[in-house]
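In this note's numbering, the protein residues as written are 14 to 164.
Cβ coordinates follow ideal geometry from the N, Cα and C atoms, glycine included.
Note sheet for the following structure.
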């Protein structure tokens, strides 16, 4: 048996979630990362996770461009994100992402150029944003393990 239950079940994913209670899970990765998922205190909802995924993907995709423009890899950035929920369907209509750089001393022209180049990097490299933009499909599947009634 490996440390990755998804590998033991024949799944090829490096991510899985284990149910810990009613509508609560712990998301795990083969690298050892964990995140609490649910609706309670100290837990991220699935909606929170998709918003954080797209926000941090934007920031990570623009990181090299920003550090090159600032001349340092050591800069202060905060990424805020919100999402507008569709009125009648269980989905988001859109996401608002704001990357805030602190302590930068750029001219207005340099800021405009950096914003444009960061936008280009995000459009090219942000896998999450590109996936949301193109509307990826997914296939839910329920698999049963262990003893069955026919045994």
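For residue i, the first and last residue of its enclosing alpha helix (DSSP H)
i, result
"residue 145", "140-147"
Proximal residues to residue i (C-beta, below 6 Å), its chain only, five neighbours per side dropped
i, result
"residue 47", "39, 41"
"residue 139", "70, 71, 74"
Whole-angstrom C-beta distance between residue j and residue i, which should lie under 8 Å
i, j, result
"residue 99", "residue 105", "7 Å"
"residue 113", "residue 129", "Not quite, the Cβ-Cβ distance comes to about 17 Å (not below 8 Å), so this is no contact."
"residue 131", "residue 78", "5 Å"
Straight-line gap, residue i to residue j (C-alpha atoms, nearest Å)
i, j, result
"residue 63", "residue 95", "10 Å"
"residue 135", "residue 115", "20 Å"
"residue 110", "residue 44", "28 Å"
"residue 142", "residue 119", "27 Å"
"residue 152", "residue 29", "16 Å"
"residue 133", "residue 159", "49 Å"
"residue 55", "residue 81", "36 Å"
"residue 68", "residue 161", "43 Å"
"residue 93", "residue 156", "37 Å"
Extent of the continuous beta strand (DSSP E) to which residue i belongs
i, result
"residue 40", "37-42"
"residue 156", "Run containing residue 156: none; DSSP gives neither H nor E here."
"residue 28", "28-34"
"residue 47", "47-50"
Contact set for residue i: own chain, Cβ-Cβ below 7 Å, skip 5 residues either direction
i, result
"residue 83", "117"
"residue 23", "Confidence is the limiting factor: at residue 23 the pLDDT is only 48, short of 50, which leaves the residue's position unreliable and the question unanswerable from this model."
Same chain only: Cβ atoms within 8 Å of residue i, ignoring 5 sequence neighbours per side
i, result
"residue 34", "51"
"residue 36", "51, 52"
"residue 123", "82"
Length at least 4, wholly inside the segment 74-112: the alpha helix (DSSP H) runs in chain order: none
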